[in-house]
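With my numbering as the guide, the letters of the sequence shown map in order to residues 81 to 828.
Working notes, structure below.
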Amino acid sequence: MNSMWKAALLAGAAWSAVTSVASAQEKAPAGDNSVSVEQVVVTARRREENLKDVPVAVSAYSSAKLEQQGGTDITVLQQTTPNITVQTARGSNSTLISYIRGVGQQDPLWGYEPGVGLYVDDVYIYRPQGAVLDIFDIDHIEVLRGPQGTLYGRNTIGGAIKYVTRRLGDESGGKIRATYGSYNERDLLVQAQTPIDGTGLSVGATYALYKHDGYGKNLTTGADQYNKDVQAYRLSAEYKPTDTLFFRLAYDHVADDSNPRHGHRETLPTTGNYPILGVYDTQAGLGDKNHVMTKGVSLTGQWDATNHLTFKSITANRRGHTQTMIDFDGTPLPTLDVPATYDDRSFSQELQAVYSDEIVQGVFGLYYMNSQASGEFDTIAGNLGVSIADGGKVSTQSFAAFFDFSANLTDKFKVSLGGRATRDAKHANVFRFFYLGATPSPYQGGAQRPILQTRTNYSAATTFEKFTPRISASYELTPDLTGYVSFSEGFKSGGWDMRGDAFITPQTVNGYKPEVVKTYEAGLKGFALDRRVSFSSAVFLSKYTDQQVTTQVVVPSGIASSVDNAGSSTLYGAEFEASAKLSHSLSGNVSVGYIHAKYDTFNRFVPAGAPNPVNPSQTLATGQIVNVADLYGFQNTPKFTGNVSLTWRGDLAGGTLAITPMVSYRDKYQQFEQPLPALDQKAFTLVDLTAVWTAPGGKYKFVLTGKNLTDERYRTGGYNFGAPTYNNSVIGFYGPPRTVTGTVEVAF
Numbered sequence: 081m082n083s084m085w086k087a088a089l090l091a092g093a094a095w096s097a098v099t100s101v102a103s104a105q106e107k108a109p110a111g112d113n114s115v116s117v118e119q120v121v122v123t124a125r126r127r128e129e130n131l132k133d134v135p136v137a138v139s140a141y142s143s144a145k146l147e148q149q150g151g152t153d154i155t156v157l158q159q160t161t162p163n164i165t166v167q168t169a170r171g172s173n174s175t176l177i178s179y180i181r182g183v184g185q186q187d188p189l190w191g192y193e194p195g196v197g198l199y200v201d202d203v204y205i206y207r208p209q210g211a212v213l214d215i216f217d218i219d220h221i222e223v224l225r226g227p228q229g230t231l232y233g234r235n236t237i238g239g240a241i242k243y244v245t246r247r248l249g250d251e252s253g254g255k256i257r258a259t260y261g262s263y264n265e266r267d268l269l270v271q272a273q274t275p276i277d278g279t280g281l282s283v284g285a286t287y288a289l290y291k292h293d294g295y296g297k298n299l300t301t302g303a304d305q306y307n308k309d310v311q312a313y314r315l316s317a318e319y320k321p322t323d324t325l326f327f328r329l330a331y332d333h334v335a336d337d338s339n340p341r342h343g344h345r346e347t348l349p350t351t352g353n354y355p356i357l358g359v360y361d362t363q364a365g366l367g368d369k370n371h372v373m374t375k376g377v378s379l380t381g382q383w384d385a386t387n388h389l390t391f392k393s394i395t396a397n398r399r400g401h402t403q404t405m406i407d408f409d410g411t412p413l414p415t416l417d418v419p420a421t422y423d424d425r426s427f428s429q430e431l432q433a434v435y436s437d438e439i440v441q442g443v444f445g446l447y448y449m450n451s452q453a454s455g456e457f458d459t460i461a462g463n464l465g466v467s468i469a470d471g472g473k474v475s476t477q478s479f480a481a482f483f484d485f486s487a488n489l490t491d492k493f494k495v496s497l498g499g500r501a502t503r504d505a506k507h508a509n510v511f512r513f514f515y516l517g518a519t520p521s522p523y524q525g526g527a528q529r530p531i532l533q534t535r536t537n538y539s540a541a542t543t544f545e546k547f548t549p550r551i552s553a554s555y556e557l558t559p560d561l562t563g564y565v566s567f568s569e570g571f572k573s574g575g576w577d578m579r580g581d582a583f584i585t586p587q588t589v590n591g592y593k594p595e596v597v598k599t600y601e602a603g604l605k606g607f608a609l610d611r612r613v614s615f616s617s618a619v620f621l622s623k624y625t626d627q628q629v630t631t632q633v634v635v636p637s638g639i640a641s642s643v644d645n646a647g648s649s650t651l652y653g654a655e656f657e658a659s660a661k662l663s664h665s666l667s668g669n670v671s672v673g674y675i676h677a678k679y680d681t682f683n684r685f686v687p688a689g690a691p692n693p694v695n696p697s698q699t700l701a702t703g704q705i706v707n708v709a710d711l712y713g714f715q716n717t718p719k720f721t722g723n724v725s726l727t728w729r730g731d732l733a734g735g736t737l738a739i740t741p742m743v744s745y746r747d748k749y750q751q752f753e754q755p756l757p758a759l760d761q762k763a764f765t766l767v768d769l770t771a772v773w774t775a776p777g778g779k780y781k782f783v784l785t786g787k788n789l790t791d792e793r794y795r796t797g798g799y800n801f802g803a804p805t806y807n808n809s810v811i812g813f814y815g816p817p818r819t820v821t822g823t824v825e826v827a828f
């Protein structure tokens, strides 16, 4: 528990620093209330509430705050929010990997469910491909930590990220925003909206273009590595025929044609004279074709039936397609090349009834989703002379009914009770075929030829049912201070291993069960020093059972992959966030996160004749299951995270200048459950700086942004195929280097 005390001391030091500076600046003119932090309104419980009154660990970021922090896409949340990881997946530019409080999903393959839910205007983003959302056309982003199974449903056992877009309103306007910077970055944003007089109808459109050259080169093909080429647009229409009726129709489309990110070799190969290059360079020979497309349409309707009762409908249809290439060996040789194709589609319908009066507030809802995720990828294993084709499809129909209600038992004491009953009906087709020849299979455009060996070919169906409750109690200690305790539960749906090799692991056809997280939490939120400081703090304890873990084992006949409910874990930690208005011209933000995540059981089958992993001097006479929990750790879960920023505002040239330096820290962490020094990331610190000059009335804006100013090199992912069969291929993927950009914005 020494680390827990250290976390408490760090949070206390952060609190002391914020409050002491604010206290030193406390002498504002009498009657001047401008030196105070603003009230933050969130919709974490599907209804508008002040952040102080919500018994959930929530971080909220307005579009203005994200601009101050130099945020360009949602991965900036990793720098500013305690105990989360939000980054691009290995080998991609726009596929999302997210963890909150140690819970998430690293493998973006179709059929595997995420552990953190992503929502755009309350529409669930079903797959991680294309989910690294660029920040444009938004109102705010909320990060909900801890299981959100009651209100947000399946696959939110770690938490949820809510991306809330901007409402059009009833005024004409728009803006043009252009950016140029390092690595020939050139971004363009065009946004316009207008009401149609006398109709109650408003229409709007936003177009965004994001481009930059590569941070490195593919020395084999000459193509850029780590470049960006993304186009996105959003069309929306809002209709308000009466004061009590509102409809919103929105369509979004994103196309990512950036080159695939082939990894950096961390080790020398066993075959070929291929040196270790710069971290952004590669000698991959597979090719540079990559295309990710996501699109969706949603219709939201809201009817304020009475002053106390509102009905809401959210209907959505989304589709996605990905075609990409991953060169796992990073050499011109076809040692371990993986061309891949993914497709997904989903339809969802949600109905809500929201009630609020002086005593009771809450929501009741029904939810339905029909989705399909499918794909195929080849594993071209040159040293084995084969191409392995893996593919299949998973279809899901999910039904749920949920409620969450709060009751004011006294003026100060409130209790909340919620629950969600979910039924997932799933059907899967899974195949794995071996083809002779180290060239693409017929599924990836290769020559037609007979199947050498069928390793997996089955269909299966099952149903998962789960009730996830939530209960909390909060007490208003003072008008500016609220404490709460809560219990919540969430589950991530089960399924089948899309890479499963039934020839080696016949049990793969049985699939794996859902995993469950139960969290106990206590928090304190409010304001201090005459509302110069707002803060949120929480401590939590989570019990994680039936964890779904993907492991890959190199065997003579191929790569054996298995997804198992490996065991159970205990996680506990603490979080602290504060914003302070230090003076008329100076404000600050600080956050600290601590988490202790440890496996209680991690069951692994060890064959006869192999050494016992727990006691290597012992050779097992028979195959048996061994608990290797003490040898494994949580992936993408640094023990400590922290962030501090200051914003100074002053008058300059008739306008307003705001300068924000920001420093973020992440402790060391593992890329996989099993430690691997060649890939595991050491602790690192990022330093950013943003300066924004705004003309009177906000018509013109000039922004200078510097990211990673110390040019830190840090890994965001990797792969480990370190056997001679795969040419000792251990490859890593890295975060962006130092960049500086300038932006001009004109509003009209």
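Beta carbons: idealized from backbone N, C-alpha and C, even for Gly.
Backbone CA spacing between residue i and residue j [nearest angstrom]
| i | j | result |
| --- | --- | --- |
| Y447 | V820 | 45 Å |
| Q311 | N339 | 14 Å |
| T562 | Q119 | 14 Å |
| Y354 | R793 | 22 Å |
| A453 | P194 | 13 Å |
| H220 | R328 | 18 Å |
| A91 | I460 | Reliability fails at A91, whose pLDDT of 48 lies under 50, so the model's placement of it is uncertain and the value that follows must be treated cautiously. Distance between the alpha carbons of A91 and I460: 50 Å. |
| A433 | G445 | 6 Å |
| L299 | T351 | 18 Å |
| A263 | D747 | Here the sequence assigns Tyr to residue 263, which means Ala is not the residue at that position. Their Cα atoms are separated by approximately 29 Å. |
| R399 | V565 | 39 Å |
| S378 | K392 | 13 Å |
| R266 | Y260 | 5 Å |
Coil, strand or helix - residue i by DSSP
| i | result |
| --- | --- |
| V589 | helix |
| L213 | coil |
| K375 | strand |
| N669 | strand |
| A553 | strand |
| K132 | helix |
| S262 | helix |
| D491 | coil |
| G822 | strand |
| Q403 | strand |
| Y794 | coil |
| A93 | At A93 the pLDDT is 48, less than 50, meaning the model places this residue with poor confidence and gives no usable figure here. |
| L357 | coil |
| I394 | strand |
| Q159 | helix |
| Q698 | coil |
Proximity winner among the options, relative to residue i (alpha-carbon distances)
| i | options | result |
| --- | --- | --- |
| F326 | P227, Y674, G249 and L299 | G249 |
| E825 | T805, G777, R818 and G802 | G777 |
| K546 | F482, T123 and K492 | F482 |
| V643 | D407, S451 and R579 | R579 |
| T155 | Q148, T165 and D304 | T165 |
Host beta strand (DSSP E) of residue i (start-end)
| i | result |
| --- | --- |
| Q432 | D417 to S436 |
| E265 | E265 to I276 |
| L604 | E595 to A608 |
| T625 | V613 to T625 |
| T785 | Y780 to K787 |
| F567 | L561 to K572 |
| I180 | L176 to I180 |
| F459 | Before going further, note that residue 459 is Thr rather than Phe in the sequence given. That run of the beta strand (DSSP E) goes V440 to A461. |
Range covered by the alpha helix (DSSP H) that runs through residue i
| i | result |
| --- | --- |
| S665 | That residue, S665, is in no alpha helix (DSSP H); it is neither H nor E in DSSP. |
| K145 | S143 to Q148 |
Other residues of its chain near residue i: CB distance less than 6 Å, five sequence neighbours each side excluded
| i | result |
| --- | --- |
| V619 | A602 and A654 |
| A102 | Residue placement at A102 is poorly supported in this model, since its pLDDT is 48, which falls under 50; the coordinates are not used for a value here. |
| M175 | The sequence shown places Thr at residue 175, rather than the Met named in the question. Around T175: A169, P188, P208 and Q209. |
| L389 | Y435 |
| Y799 | F408 and I811 |
Minimum Cβ-Cβ distance from residue i to chain B less than 8 Å
| i | result |
| --- | --- |
| V136 | Note that chain B does not occur in the displayed structure, where there is just one protein chain. |
Cutoff 7 Å; reference residue i; Cβ partners in own chain excluding five residues on either side
| i | result |
| --- | --- |
| P817 | Y295, N788 and D791 |
Own chain, CB closer than 8 Å to residue i, minus 5 neighbours either side, in chain order
| i | result |
| --- | --- |
| I531 | F513, F514 and Y515 |
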